[in-house]
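Here numbering that gives the first Met the number 0 is used: position 78 in the sequence shown is 77, and no number is missing along the way.
One structure is given here, and the rest of the page talks about it.
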Amino acid sequence: MTQAGFKTKFFDQPRGVVVVAATEFWERFSYYGFTGLAALFMAASPATGGLGMEKGFTLKLFGVSVGMMFMAPLLGGWIADRLLGPYRAVVIGCLGLAGANFLLAAAGTQGAHAAGLQFVLLYSGLAVMIVGAGMFKSNAGSLLGQLFYAEDSRRQNGFMLFYMGINLGGFAAPYGAGTLGERGGWSWGFLAAGIGMMVGLGMFLWFSRGRFP
């Protein structure tokens, strides 16, 4: 697809650049909200809403999970290329990242602890996070690239805006989800990360409807 699908321009860029960059902002907010809280949450005392897991195992589990989140885009890209297309893959990725944070938020509630479901919710959340990251990370940039002609001189600046979204989202996450998790409780931090991703998905669907294949 070329920029013809986005006739409105922003600083001489197709409007879709801003749409994808804004979605990337919320994806980074959600992802770094998760990474900033997850290990602390798993190792924290149950009295504080944490899971009370042994520190060494917590670090191993967290490391393996994050490592798989960076390997999963290989499969996510293949699925998008062969089956879904990058647009649908990004939507699925957003849903996965949001859903994972909601599962982790639920794991920190008194109800989950009372029912003995906190670890079921934890592992489910980590699995869904891996799927979401795999679908999103490998396809957001591909979707952005579809907005430009092959020799379009604006491509470099378009990707600069995209990376600004990445950096701003990573900067905002500790002050948003991180602060809520530290001061309000673990569940509030994960909930903020999940809601942020749903806001990003809502913006993406609204402003890109009918314009991506």
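Backbone N, C-alpha and C define an ideal beta-carbon position, used for all residues, glycine too.
As the structure is a prediction and not an experimental result, all values here were calculated from the model.
Rounded to whole angstroms, the Cβ separation of N138 and A97 is 16 Å, and the two are not in contact under 8 Å. In the DSSP assignment, N156 falls within the unbroken alpha helix (DSSP H) covering R154 to A172.
The segment 161-176 makes contact with the segment 17-31: 3 or more CB pairs, one atom from each, lie closer than 8 Å. Per DSSP, E181 is one residue of the alpha helix (DSSP H) stretching across T178 to R182. If you check the CB distance, A88 and V130 do not come in under 8 Å.
Per DSSP, L142 is one residue of the alpha helix (DSSP H) stretching across A139 to G144. When the alpha-carbon of G84 is set against those of G169, V198 and L143, the nearest one is in L143. In terms of CA proximity to F158, S141 leads the group P173, Y174 and S141. If you ignore the 5 residues before and after L58, its C-beta comes within less than 8 Å of the C-beta of A38, all in its own chain and listed in chain order.
Counting only residues of its own chain and dropping the five nearest sequence neighbours on each side, G184 has a CB closer than 6 Å to the CB of G48.
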